[in-house]
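**Q**
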Amino acid sequence: MREKTTPFLRNLLENTSISKQYLIAEQPEDIENNYNDPLMEDKHEVVKGLIHKYKNRALVKVSYQCAAHCRFCTRIRQIGNPEGTLKSDEIDNIVEYLINHPEIDDVILSGGDPLYTPKLTYEILLKIKEIESIKVIRIGTRMPFQSPKSFESPVFLELFNLIKTIQLTKPFYILVHIEHPAEIVPESIAAIKILKELNVTLLSQTVFLKDINDDEVVLEKMFKKLYYLGVMPYYLYHCDNVKGLEHFIVQKEKEKEIAQKLRTLLSGIATPLLVEDLENGYGKIPI
1 MREKTTPFLR NLLENTSISK QYLIAEQPED IENNYNDPLM EDKHEVVKGL
51 IHKYKNRALV KVSYQCAAHC RFCTRIRQIG NPEGTLKSDE IDNIVEYLIN
101 HPEIDDVILS GGDPLYTPKL TYEILLKIKE IESIKVIRIG TRMPFQSPKS
151 FESPVFLELF NLIKTIQLTK PFYILVHIEH PAEIVPESIA AIKILKELNV
201 TLLSQTVFLK DINDDEVVLE KMFKKLYYLG VMPYYLYHCD NVKGLEHFIV
251 QKEKEKEIAQ KLRTLLSGIA TPLLVEDLEN GYGKIPI
């Protein structure tokens, strides 16, 4: 996966907690093109771009494109590959599968970053919203903390208006991915406020990263800032065991100690759940 940042991020790279997330490390990531699939997503890809691992939930990989490339990404084997971008006929195949499997009531749009490709995400949502058996829609994104000014572009107007309409009849969740309080600056705050205007539920997801955010003071500051912005801290992940990226992994005992301290520092509603996404596709469990 090639190195990729944005003008917004380049202004923040003097902070090593930001630069370590995006710039290729001195540690040799020496098995490029041989990264594994720890969550067994490829095995559960039922049609191109649709992962169906759990009975009532399915995940749509809208594309493999993001505004910037996180070095610790679980899908590092795919990110940046243009072949992952869904075409109209592939979207139709996904819709057909969802219709034929009414047990699926919860759909997550992921990737890549669905908000990096607003026109494509609009096309997908326009079709998924009509499926009666789909009761909940979620989107995972890092755009507010990678390219926040993008939300001011007219290209987002149509997508955001559609989301406003959908949330009137189906619960709609946007999960923002953030790693460090240094990412919360005026531009990203403005982007979060734009998402708040959609009347969706905003949740956060964070990955424990060694020498980046494995500190209770850092995380307390970040989760409080999110809470004050109306973003509910949701998951705090143990870093997935992607071959070649082990230098990001924090020891679980340290994670548990930090999580315990956070429970005394934060309101219950502002405290995320520490979880591990088990290898081999078995799902998330609390640590």
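By full-length UniProt numbering, the letter at position 220 of the sequence shown is numbered 220, and the numbering carries on one by one without gaps.
A virtual CB, placed ideally from N, CA and C, is assigned to each residue, including glycine.
1) Checking 8 angstroms against the spacing of the C-beta atoms, do Ala270 and Tyr227 come in under that value?
2) I need the straight-line Cα distance from Met232 to Asn36, nearest angstrom please.
3) Which one of Ile137, Phe8, Ile24, Ser19 has the shortest CA to CA distance from Gly244?
4) With a threshold of 7 angstroms, establish whether the CB of Asn241 neighbours any heavy atom of the ligand MG.
5) For the beta strand (DSSP E) that Asp106 lies in, which residues bound it at each end?
6) What are the boundary residues of the alpha helix (DSSP H) that includes Phe223?
7) Identify whether Gly268 lies in helix, strand or coil by the three-state DSSP scheme.
8) Closest to Gln21 by C-alpha separation, out of Leu278, Ile99, Phe72, would be which residue?
9) What number of angstroms, rounded off, separates the C-alpha of Leu195 from the C-alpha of Lys164?
10) In the structure shown, what three-state DSSP assignment does His69 receive?
11) Leaving out five residues before and five after Glu187 in sequence, what residues of the same chain have Cβ atoms less than 7 angstroms from its Cβ?
12) Beta carbon of Val218, beta carbon of His180: below 8 angstroms?
**A** By the coordinates alone:
1) Here residue 270 corresponds to residue number 270 of the sequence shown, with the count starting at 1. Here residue 227 corresponds to residue number 227 of the sequence shown, with the count starting at 1. The beta carbons of Ala270 and Tyr227 sit closer together than 8 angstroms.
2) Along the sequence shown, read from residue 1 onward, the residue named residue 232 stands at position 232. Along the sequence shown, read from residue 1 onward, the residue named residue 36 stands at position 36. Per the coordinates, the alpha-carbon of Met232 lies some 31 angstroms from the alpha-carbon of Asn36.
3) Locating residue 244 in the sequence shown gives position 244, counting from the first residue. Nearest option by C-alpha distance: Ile24.
4) Absence of the ligand MG from the depicted structure is noted, as is the absence of any ligand whatsoever, leaving it without description.
5) As a working mapping, residue 106 is identified with position 106 in the sequence shown. Where Asp106 is concerned, the enclosing beta strand (DSSP E) stretches over 106 to 110.
6) Counted from its first residue, the sequence shown places residue 223 at position 223. First-last of the alpha helix (DSSP H) with Phe223: 216 to 228.
7) As a working note, residue 268 is residue 268 in the sequence shown. Gly268: helix per DSSP, three-state reduction.
8) For the purposes of this step, residue 21 is taken as the residue at position 21 of the sequence shown. Comparing Cα-Cα distances from Gln21 to each of Leu278, Ile99, Phe72, the minimum goes to Phe72.
9) As a first step, residue 195 must be located in the sequence shown, where it is residue number 195. As a first step, residue 164 must be located in the sequence shown, where it is residue number 164. In a straight line, the C-alpha of Leu195 is about 10 angstroms away from that of Lys164.
10) In the sequence shown, residue 69 corresponds to position 69, counting from 1. Coil.
11) The count along the sequence shown starts at 1 and reaches residue 187 at position 187. So the qualifying residues of the chain are Phe8, Pro148, Lys149.
12) The residue given as residue 218 occupies position 218 in the sequence shown. The residue given as residue 180 occupies position 180 in the sequence shown. Yes; because the gap between Cβ atoms is below 8 angstroms, this pair is in contact.
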